[in-house]
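Have a look at the structure below, then the notes.
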Amino acid sequence: MTIATGAAFALPVAFRQGDPRVIDFSSPRHRSKFGYLLLAPAVLLMALIIIYPILLSVDISMKDVRIARIGKAEPWTLKNYAWLFGSEEFWNAIWVTAKMVLMVGGTALVIGLATAILVNQRFKGRSLARLFVALPWAVPEVVATVIWAWMLDSSFGVINWALLKSGIISEGIQFASNATASFYSVCFVMIWKGYPLVSIMLLAGLQSIPQEQYQAAEVDGAGVWQRFFYITIPNLMPVIGVTMVITTLWVFRDFAIIHVLTQGGPIGATTTLSILTFEQSFSFFRMGQGAAVGVVTMIICAVISRALVSRFANSVH
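Using UniProt numbering, read the sequence shown as starting at 1 and increasing by one per residue.
This is the structure:
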């Protein structure tokens, strides 16, 4: 049987000539429709696992849903949002989350960039060094946080023991009961857990920079810092933008580290929006108020992500 040629999908001539059931995939219009058809299952799956939960959260946030009344018909109301914006707990959670985003995101970016530049150099054992850099990210979050909780324990933790033995402090730091110590210990564990991903992404960005740019700058007499600020940083701006978006969203959504270390305490010192959502929904069983916090958190994340993407997209152009 003769096979037709010159088409995207070769079909027997007998089935192509004059048969209206046959789709001509050589046509751009038909190829485009076929592409959408292939994407349809993925779009439906995303609608089920992403869009539906979001719509359900919005619906619950506008009802007075409590654990004892789940399943009963409730009218829509805005009183959950009225409670939210009039609540000191919510504004405290906003403030704590913002501080964590700035501290964790900024510090992880600086440490990640320094580490990426270090492991990008040629030296013996570079592969092993890269493995150690990625190790904190590879450890499960809850397992790593439990280990840090033991190390930060005020009675028998190794960190207090080392500080006391070295004479840096005269009495143990109360990491769990002191508001300032609790906040910085949570930020420290978050930075330790998150900086490897930032480092790996920036390392990939460094390796994509053409070496000819550095060689030309060196010929022109540019020093180390000039090459860093005028070649490395501009070329890394798209990657830095992506890492900032990922780090910001990660701090906003992270629950395990804070819950294991401090459970949001003491006195709300580490209560972020994710912790507040959990408390309202599963500690006080106010599902509507918890959903309202979640919806507002989602909107804040979307706005911040859009702003960061636009900012770094403009810097590239």
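Glycine included, each C-beta is placed from N, C-alpha and C at the ideal position. If you're wondering where the values come from, they're calculated on a predicted model, not measured in any experiment.
- A contact between stretches requires three or more CB pairs, one per stretch, nearer than 8 angstroms, and the region 239 to 256 fails this requirement with the region 217 to 227.
- Proximity to Phe132 across Ile169, Leu206 and Ser199 peaks at Ser199, based on C-alpha coordinates.
- Shortest Cα-Cα distance from Arg66 to any of Ser155, Ala292 and Val303 involves Ala292.
- Residue burial is scored here from C-beta neighbours: Thr180 has fewer than 16 other C-beta atoms within 10 angstroms and is therefore classed as exposed.
- Between Leu48 and Gln263, the alpha-carbon positions lie close to 31 angstroms from each other.
- Less than 8 angstroms divides the Cβ of Ile191 from the Cβ of Ala108.
- Within a 10 Å sphere around the beta-carbon of Val219 sit fewer than 16 other beta-carbons, which makes this residue exposed.
- Contact between Val295 and Ser57 holds, with the beta-carbon distance rounding to 6 angstroms and staying under 8 angstroms.
- Separation of the CB atoms of Gly288 and Ser127 is rounded to 52 angstroms, and the pair is thereby denied contact status at 8 angstroms.
- Sequence-distant Cβ neighbours of Val101 in its own chain, meaning closer than 6 angstroms and more than five residues away, are Thr248 and Val251.
- Sequence-distant partners of Asn160 (beyond 5 residues in either direction) whose C-beta falls short of 7 angstroms from its own C-beta, in its chain, are Ser154, Gly172 and Ile173.
- Beta-carbon to beta-carbon, Leu203 and Val139 are separated by about 19 angstroms, too far to satisfy the 8 angstroms threshold.
- In this structure Val43 is exposed. Its beta-carbon is surrounded by fewer than 16 other beta-carbon atoms within 10 angstroms.
- Out of Ser310, Arg311, Ile304 and Phe312, the CA that lies nearest to the CA of Ala98 is found in Ile304.
- Looking at the backbone, the Cα of Tyr230 and that of Gln211 are separated by about 14 angstroms.
- In the structure shown, Arg66 adopts extended strand secondary structure according to DSSP, grouped into three states.
- In this structure, Met151 sits away from Val142, with a CB-CB distance that is not shorter than 8 angstroms.
- Tyr195 is classed as buried because its beta carbon has at least 16 other beta carbons within 10 Å across all chains shown.
- Taking the Cα of Gln215 as reference, the smallest distance to any Cα among Gly35, Thr232 and Gly205 is reached at Thr232.
- Its chain contains Leu163 as the residues whose beta carbon lies nearer than 6 angstroms to that of Ile169, once the 5 sequence neighbours on both sides are disregarded; these appear in chain order.
- Burial check for Phe278: the Cβ neighbour count within 10 Å reaches 16 or more, so the residue is buried.
- Its chain contains Pro266 as the residues whose beta carbon lies nearer than 6 angstroms to that of Ser177, once the 5 sequence neighbours on both sides are disregarded; these appear in chain order.
- In the three-state scheme derived from DSSP, where H, G and I count as helix and E and B as strand, Arg306 is classed as helix.
- Following the DSSP letters along the chain, one finds Asn235 inside the alpha helix (DSSP H) bounded by residues Ile233 to Arg253.
- If you ignore the 5 residues before and after Gly112, its C-beta comes within less than 6 angstroms of the C-beta of Tyr195, Val198, Ser199 and Leu202, all in its own chain and listed in chain order.
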